[in-house]
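Undergrad: Residue numbers (numbering that gives the first Met the number 0), protein chains in the order written: chain A, 0 to 290; chain B, 0 to 683.
There's a structure below that I have some questions on.
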Amino acid sequence: MEYYDVAQLIVHAGAKAGPYALRPRGRLMRGPAGLLPGSDSGTSIDFYDYRSYQPGDDLRRVDWRVYARSDQLVIRRFRAEIAPVIDILLDNSASMGLYAGKSAAASYVAAFLAETGRNSRGRPVLIYNNRRFSGNDFEPGLGAARFDLADDMMGQPVPPPSCARSLRVVIGDFLSPHHPDHFWSSLAIDSAGLIVVHILADSERVPNCYGGFKFIDVENALQHKDIRVNGSTIQGYQDRLNAHLIELDETWKRLGATVIRLDVNDSFTGLDQTGNSIIAALIAREVITRS
Amino acid sequence: MTGLTFLNPFGFLALSGLVFVGIIYFFYRRYKPRKISGLFLWESSSRPTRGGRQLTRPVVSRSLLLDLAAVFCLALAFASPAIMTSSPAGLILILDNTFSMRAHNNHVTVRQWAGQLLTHAENRHSGPRQVVILTAGDKPGVLFNQELYRPNRDVLKALDQYDPYDSPDDSGDSLTTCITLARELVAGPVDIHIFTDQNKQLATAPGISAAGARERLFFHTIKGCFPNHAIVEAWRRVSQDGTGENCLIGLANYTPHDSEAQVILRDSHQELARRSLSLKAGSIANVSFQLQPVQDQLTIAIQVPPQLDILDTDSRVCLLPAPRLSLSYMINLQDGETREAVERALLACGDTVSLDKLNGINTSNSSNTSNNSNTANTLPALLITSFEPPIPGHNEIKPLKLLSKPLSQPPGSSNEKRAGLGGKGTVMTLAIGNGGGVKRSHTGMALTGPYIVDLRHPLCRDLDFTGVYWVPVQENMDKKQVKVPLVAAGELPLYYFAYSPLYSPQFHEYDELVLNLQVFPGNITRHPAWPILFANLVCECRERLPGLHQSNYYPGEFLHWINFPDSSFNPGYLMGENLQRSILSTTSFTAVPSKPGIYRLYYSHSDRELAQIAVNSCVREESDLQGLAVMNETIELTAGGIQSGNKNNDFRNGRFSLYSWFFLLIGVILILINWILEKREVIL
């Protein structure tokens, strides 16, 4: 495994994220006061609805033109401007740490999206191991993340969102034998949006080992299997992987998630190369935009 | 006969590597642990197995098969497979039978070597069709010849007859003759193995190197030495090329120590040339002289340090540190035993001259000692041949002794003793052995005749008594009895009697002389031939001197020993194998070794027990003369020249070859393929 400096990676991601901001999602988010339009009415200048006048409403909000035309008193409603919460769920299971390219990409994405979220006046919150890191603790928490958890992410309980209608970003490889519906449905509930960053290493997509192997599950050493890897076994693996990915895609699609697939090298290929590929993928999926 | 064989069957022990490869695969290469994510994606329907040890059947993978195949190929390579495409129809062993072959190395004798070769050939080719064993000596001999050969003990018995003693050392021509004979005896493909100590350049001789396409020659050379006797072998070759004679003197130092020698060419008046030879241990050195056509007598003299003996293999004579008097070899006066012997000889002649005085005379009377030289270096000096004048009044002439048998009998008959230590065999034949002990008589009395000098003998060839006054003219002599011219020798006669059948009226045409020698102060001692004559006279006198008269004896020959006068009553004893001894007298005894071997004769002298080598080895078994092997090399000759063969006495030749390398290469390739496939993990 080629080691990389997590701190440098986080700094590099933050610097690269400077000109970018999170693109507003379809579903309106909630959050404290900020600059992004929220799902509720607020005090911004963006008109988005009328309602009937109720006693006590501010008369300055009465749309007198409508009254003149219809003799009905209606109140202008303006969209609220919020600072959305971006829950970044990081899969720090051992499978993510099997290849340096995966763990580096995961950390880079987390750091990058956090900075772009800040650029959008959002508030990123890092979640892993049932722990939350927000504010100034985000980067340190990200740097302290160790991809050695023996439990599969999708086999664990879904952590509750930091707030209602927060944007949820899930970063992982999602190579889990568990059925995806429950996990992802739980994640999507009461979220302003679901962004899935699916990271797979080249060796996981197309295995390149041949011969007799005793495969040991990295997340569960008690499980192993003696397999003679040849063309047919690799083909079977790929078929099953594709089926798994199709199942995930269907689930994500049904939940309206935005999926970004990152195929990374098994080894860490450097900060620039890692960052460029991630940024390109995020832009392609319209997750970020230049601010 | 064709067939597959393995030259190194022990190479198959490498097949044990198959077990180790299997173990490695079973325990270590079956499944490699690997952590992955999404294990559930690697199985279709079954649930992942639980952890824990499980016994599963080992997987026979391509990699395992490649490794096993590689180990098998390497084992084959180590086993050295060979396919015998053909075998010789005949196997010929030519054994150099000269005396020098008696020396052998520490490990194997020629007979053993030849036996091993024969056994090897039998095992490898299921026996050659014909086996011939020849000996190369003065004339080739066939020890064994059997067509439709089947391994049996007869061939080993034939090898037992190999006895390198009888032949003079001219095995160069003899080897050629043997090879020619061998080619006539065996038809078809043949392997000829020559065992000799000749220089390997002999292999390029025309008769030897002209091998046919169906013939292979193997030259097995062996050099040994005779440390017990520290012999330096010498030989002479004289050739004529029309401009004169080239005399080549070769010296082979079979001792384990370096030495040096001086080779001197002299005529009757002076030293003509002197060459120094550096004799490295186990080496051969040669020196040549260009002999101009001269009438004068030429002598080749060889001087060696005291610790060395000179063996002239041509004459089968081994010279001991005892008195060495010969035509060609110098005497080592620095050797105590030699001095003593010379003193005895001189005393036997009634001479009272000491050796020191002899040395002085040697340097002052150059005319007398023209045949001698006194080297100022560390090499020994020569015997000084000069006598003091005899004691007046003791110059009586002894009558001629009657011969026990006609002189027409050839030499070598039982009543005649061979005399002489140097040169080729007999110089003079004593008509009747005097026996007896030493007589300290007047000057020259012990040397009085008669002697028969065989002028036809090569050593006597140059004896020319022209100008020698043999007999003083006496008016009262009956000249009718003298059928030969009397030679005046000053005032005293040296020769005064003749025996009629031997002589012709012409002195110079006489084949033999009956010499009734009385050493008077005539000019005989100043004659240039006197040293020669004296040497032989002393040798003859040794017959009457204590000790052993001859060094080399053949089985069945009488070993005559005369005790010293001061010896104890017990005349001594002979140590050897299966000795039958008969004691004739307290002063002498004769022993007849029934079997050849080396004997040591122990005697007492001056209250000391001394020993002397009595008989040189003439054994039927291998030589007792063991020494160091200087060279042991096998050269394979093929048509068109010599090729260096296997120098390790390995007779596995000619048939092998590339199969071992082929399997080695295949094994390496399999290993490389397996390694590449495992690295790339190619999907078949």
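Beta carbons are placed, not taken as given, at the ideal position from N, Cα and C, and that holds for glycine.
#1: Quick one: is residue 91 (chain A) buried, meaning 16 or more other Cβ sit within 10 Å of its Cβ, or exposed?
#2: For the alpha helix (DSSP H) that contains residue 349 (chain A), what are its first and last residues?
#3: Using only alpha-carbon positions, find the residue among A:205, A:228, A:197 that is nearest to residue 212 (chain A).
#4: Buried or exposed: residue 527 (chain B), going by 16 or more other Cβ atoms within 10 Å of its Cβ?
#5: Near residue 5 (chain A), which residues of its chain fall below 7 angstroms by C-beta distance, leaving aside the five closest residues on each side in sequence?
#6: Just mark residue 674 (chain B) as buried or exposed, buried being the case when its beta carbon has 16 or more other beta carbons within 10 Å.
#7: Does residue 47 (chain B) come within less than 7 angstroms of chain A when only Cβ atoms are used?
#8: Apart from the five residues on each side of it in sequence, which residues of its chain come closer than 6 angstroms, Cβ to Cβ, to residue 98 (chain A)?
#9: Just mark residue 224 (chain A) as buried or exposed, buried being the case when its beta carbon has 16 or more other beta carbons within 10 Å.
#10: Would a C-beta distance cut-off of 7 angstroms place residue 191 (chain B) and residue 216 (chain B) closer than the cut-off?
#11: Residues in the stretch 235 to 247 of chain A with C-beta within 7 angstroms of chain B's C-beta atoms, listed in sequence order?
#12: What residues from chain A crowd round residue 30 (chain B), counting only those whose CB sits closer than 7 angstroms?
#13: Among all the DSSP beta bridges, which residues are the ones paired with residue 302 (chain B)?
#14: Please work out which residues of its chain come closer than 6 angstroms, Cβ to Cβ, to residue 14 (chain B), disregarding the five sequence neighbours upstream and downstream, and give them in chain order.
#15: Are any of the Cβ atoms in chain B nearer than 7 angstroms to that of residue 174 (chain A)?
#16: Mind listing the chain B neighbours of residue 216 (chain A)? Cutoff is C-beta to C-beta under 9 angstroms, in chain order.
#17: Any idea which residues DSSP pairs residue 191 (chain B) with across the strands?
#18: Of all the residues that make up the stretch 104 to 133 of chain A, which are near chain B by a beta-carbon distance shorter than 9 angstroms?
#19: Closest by CA to residue 147 (chain A), which one among B:285, B:34, B:659, B:666?
#20: Residues in its own chain within less than 6 angstroms of residue 256 (chain A) by CB, not counting five upstream and five downstream?
#21: Taking 8 angstroms as the limit between beta carbons, can you name the residues of its chain near residue 130 (chain A), skipping five residues before and five after?
#22: Kindly say whether residue 261 (chain A), judged by its beta-carbon, lies nearer than 7 angstroms to any beta-carbon of chain B.
#23: For the stretch 87 to 98 of chain A, which residues have a beta carbon sitting closer than 9 angstroms to at least one beta carbon of chain B?
#24: Give me, in chain order, the residues of the same chain whose beta-carbon lies closer than 8 angstroms to that of residue 273 (chain A); leave out the 5 immediate sequence neighbours on both sides.
#25: State buried or exposed for residue 287 (chain A), treating a residue as buried only when at least 16 other CB atoms are found within 10 Å of its CB.
#26: Leaving aside the five residues before and after residue 284 (chain A) along the sequence, list all residues of the same chain whose C-beta is less than 7 angstroms from its C-beta, in chain order.
#27: Determine, using beta-carbon pairs with one atom in the stretch 42 to 56 of chain A and one in the stretch 107 to 116 of chain A, whether at least three such pairs fall under 8 angstroms.
#28: How about residue 662 (chain B) and residue 177 (chain B): are their beta carbons less than 7 angstroms apart?
#29: Give the straight-line distance between the Cα atoms of residue 238 (chain A) and residue 115 (chain A), rounded to the nearest whole angstrom.
#30: Among the residues of its own chain, which have a CB less than 7 angstroms from the CB of residue 117 (chain A), if the five just before and after it don't count?
#31: How big is the Cα-Cα spacing for residue 290 (chain A) and residue 13 (chain A)?
#32: Just to confirm my understanding: we take residue 75 (chain A), look at its own chain, exclude 5 residues before and 5 after, and list those with CB closer than 7 angstroms. What are they?
#33: Looking at the strands, I want to know which residues DSSP matches up with residue 288 (chain A).
#34: Between residue 86 (chain A) and residue 166 (chain A), how many whole angstroms is the CB-CB distance? I'm expecting something under 8 angstroms.
#35: Using the C-alpha atoms, what's the distance from residue 277 (chain B) back to residue 7 (chain B)?
TA: Taking the definition as stated:
#1: By the neighbour-count definition (other C-beta atoms within 10 Å, threshold 16), residue 91 (chain A) is a buried residue.
#2: This structure cannot speak to residue 349 (chain A), because chain A is shown only from 0 to 290.
#3: For residue 212 (chain A), the nearest C-alpha among the options comes from A:228.
#4: Confidence at residue 527 (chain B) is low in this model, with a pLDDT of 47, below 50, so its placement is unreliable and the value that follows should be read with caution. Label assigned to residue 527 (chain B): buried.
#5: Excluding residues within five positions, the ones whose Cβ falls inside 7 angstroms are 106, 142.
#6: Exposed, by the Cβ-count rule.
#7: In this predicted model, residue 47 (chain B) has a pLDDT of only 48, less than 50, meaning its place in the structure is not dependable; the value taken from the coordinates is given anyway. Chain A contact via Cβ: present.
#8: Same-chain partners within the cutoff: 200, 265.
#9: In summary, residue 224 (chain A) is buried, with 16 or more beta-carbon neighbours lying within 10 Å of its beta-carbon over all protein chains present.
#10: At the C-beta level, residue 191 (chain B) and residue 216 (chain B) come within 7 angstroms of one another.
#11: Among the residues of the stretch 235 to 247 of chain A, those with a Cβ less than 7 angstroms away from any Cβ of chain B are 235, 236, 239, 240, 243, in the order of the chain.
#12: Neighbours of residue 30 (chain B) on chain A, chain order: 211, 212, 213, 225.
#13: In DSSP, residue 302 (chain B) forms a bridge with B:261.
#14: So the list reads 74, once near-sequence residues are dropped.
#15: With 7 angstroms as the cut-off, residue 174 (chain A) counts as an interface residue toward chain B.
#16: Going along chain B in sequence order, the residues near residue 216 (chain A) (Cβ under 9 angstroms) are 34, 35, 36, 37, 38, 39, 47.
#17: B:91, B:216, per the DSSP bridge assignment.
#18: When C-beta distances to chain B are compared with 9 angstroms, every residue of the stretch 104 to 133 of chain A stays at or above that value.
#19: Here the closest residue by C-alpha is B:34.
#20: Scanning its chain for C-beta atoms nearer than 6 angstroms, with the 5 sequence neighbours on each side dropped, one finds around residue 256 (chain A) the residues 193, 195, in chain order.
#21: Once the five neighbours on either side are set aside, the close Cβ partners of residue 130 (chain A) are 140.
#22: It does not; no Cβ of chain B falls within 7 angstroms.
#23: Within the stretch 87 to 98 of chain A, 92, 93, 94, 95, 97, 98 place their CB atoms closer than 9 angstroms to a CB of chain B, listed in sequence order.
#24: Closer than 8 angstroms at the Cβ level, and outside the excluded window around residue 273 (chain A), lie 8, 100, 103, 104, 107, 263, 267.
#25: Buried, because 16 or more other Cβ atoms sit within 10 Å of the Cβ of residue 287 (chain A).
#26: Same-chain partners within the cutoff: 257, 259.
#27: Segments in contact, no.
#28: Not in contact: residue 662 (chain B) and residue 177 (chain B) (Cβ atoms no closer than 7 angstroms).
#29: For residue 238 (chain A) and residue 115 (chain A), the distance between alpha carbons rounds to 36 angstroms.
#30: Correct list, in chain order: 123.
#31: Straight-line Cα distance between these residues: approximately 15 angstroms.
#32: These residues qualify, in order along the chain: 46, 49, 60, 62.
#33: As a beta-bridge residue in DSSP terms, residue 288 (chain A) pairs with A:20.
#34: Contact between residue 86 (chain A) and residue 166 (chain A) is confirmed by a C-beta separation of about 7 angstroms, below the 8 angstroms threshold.
#35: The alpha-carbon atoms of residue 7 (chain B) and residue 277 (chain B) are separated by roughly 45 angstroms.
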